[in-house]
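Scroll down for the structure; my scribbles are underneath it.
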Amino acid sequence: MTTLRFKTVLLAGVLAPVALVFTGCESTQVRNVDSKGTQALNTSGINSQDWANAADQLVGSLLSSGALDRAPVQPSVLAVDRVLNNTQLNIDTDLLIKKIRVALTQTGKVVITNTMGLGERAVVASEAAELDEMATGKKQKIVAPHFTLYAKLIQQSDKINGVTQNTYTFQMSLINVKTGNTVWEDEREIAKQSKKSAVGW
Amino acid sequence: MKPSPRLLTGSLAAVVALLVLSGCATNVNSVQRAQPVATPNYVSDKRVITDNTLARTVRVNSVNQTTVSGNLLKVQATLENLKNDARTIRYKFEWIDQDGMSIGSPNETWKVLTIMGRDTTTVSTVAVNPRAVDFTLKLSE
Chain U
1 MTTLRFKTVL LAGVLAPVAL VFTGCESTQV RNVDSKGTQA LNTSGINSQD WANAADQLVG
61 SLLSSGALDR APVQPSVLAV DRVLNNTQLN IDTDLLIKKI RVALTQTGKV VITNTMGLGE
121 RAVVASEAAE LDEMATGKKQ KIVAPHFTLY AKLIQQSDKI NGVTQNTYTF QMSLINVKTG
181 NTVWEDEREI AKQSKKSAVG W
Chain G
202 MKPSPRLLTG SLAAVVALLV LSGCATNVNS VQRAQPVATP NYVSDKRVIT DNTLARTVRV
262 NSVNQTTVSG NLLKVQATLE NLKNDARTIR YKFEWIDQDG MSIGSPNETW KVLTIMGRDT
322 TTVSTVAVNP RAVDFTLKLS E
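Protein chains in written order, with my numbering: chain U, 1 to 201; chain G, 202 to 342.
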């Protein structure tokens, strides 16, 4: 009788933690994290910190070069050209470009024109200019940009002994509209290695 | 002739020591000009240490600053890995205006940095806001 009771207690003692573990798997825990903080997830793709890091380094390089200061007027007018995404990732390139636009605008060194280029910003700006022209009867004078900014994202994947390395290259060029010359360009690389677990399902 | 246990133990210890030392061979040798031409504008700094382990691993040797594009502050810190193997840390720059108010930057984020054993490297950033006059460099493991 005593042995039976002992076995029952032992079985309950084993089953209870197992049941807790399995029920624990069903719950979803959600917490807020700082996307730019140390708790942000590091993935094999480009995460929020990588975008910010690339943008910070490219903006730092552009400002340090003094290329924007050589425009005939200050602040210079900048048009953002398209961003070519040659990675395997389906990403919105505004994740990079918007950060660069915001940073450059904060410097007060440039104003970014939206009356040319691709995307919904250019369409809305052009329509607004047309509407203003219709309302006032005056042809609006659109300021031609001094510079255009062009960017390209490239991914290179290498795999050795189960370790995969994705190297993402962020290339950027500033072109003087009058001469067509590239007055600044730089690139930054972020390499990420990932190893698939030997046991996984 | 049979080798003595002491000899065997000694040989084993030597092999292990050799393996350990060769495994740590990530140190960096460097050469530079004996009399540097550059004249950095060093910043007198104040340090707050809350992680002694990190402070014993990576040391900030110096901080210097300059101005780029007319009125934008650029800060550069020289970091040294005090250990014999490569170490990865995170760092972040924060900017402060004339009134002591923090200036948020769209690209202000923790960045990952790996420094080889006994090597020194520099990290730098440009304040995109002309109102930035002071900075804080934060390091974390």
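Note that beta-carbon positions come from the ideal geometry of N, C-alpha and C, so glycine has one too.
For residue j and residue i, the rounded distance between their alpha carbons
i, j, result
"G318(G)", "I290(G)", "13 Å"
"A71(U)", "I175(U)", "11 Å"
"A40(U)", "V313(G)", "12 Å"
"S76(U)", "L84(U)", "24 Å"
"L104(U)", "S27(U)", "44 Å"
"D81(U)", "A151(U)", "8 Å"
"R248(G)", "A55(U)", "28 Å"
"S65(U)", "A135(U)", "43 Å"
"S35(U)", "L95(U)", "13 Å"
"N90(U)", "T267(G)", "39 Å"
"N114(U)", "V183(U)", "21 Å"
"Q204(U)", "S157(U)", "Residue numbering for chain U in the displayed model covers 1 to 201; residue 204(U) lies beyond these limits and cannot be assessed."
Residue i in three-state terms, based on DSSP
i, result
"I142(U)", "coil"
"M172(U)", "strand"
"R234(G)", "coil"
"Q277(G)", "strand"
"A191(U)", "strand"
"A54(U)", "helix"
"D81(U)", "strand"
"G318(G)", "strand"
"N166(U)", "strand"
"L153(U)", "strand"
"R31(U)", "coil"
"H103(U)", "The sequence given here has Ala at residue 103(U), not His. Three-state result, A103(U): helix."
"I112(U)", "strand"
Cβ-based burial, residue i [other Cβ within 10 Å; buried from 16]
i, result
"G180(U)", "exposed"
"T254(G)", "exposed"
"I100(U)", "buried"
"I160(U)", "exposed"
"P241(G)", "exposed"
"E133(U)", "exposed"
"E309(G)", "buried"
"P145(U)", "buried"
"K109(U)", "buried"
"A235(G)", "exposed"
"T107(U)", "buried"
Cβ-Cβ separation, residue j to residue i (assumed contact under 8 Å), whole Å
i, j, result
"L63(U)", "L273(G)", "6 Å"
"T38(U)", "W311(G)", "5 Å"
"Q74(U)", "Q155(U)", "37 Å between Cβ atoms; not a contact."
"Q202(U)", "K192(U)", "Outside the displayed range of chain U (1 to 201) lies residue 202(U), so it cannot be described from this structure."
Answer yes if the stretch 322-330 of chain G comes into contact with the stretch 269-282 of chain G, meaning at least three C-beta pairs across the two stretches below 8 Å, and no otherwise. yes
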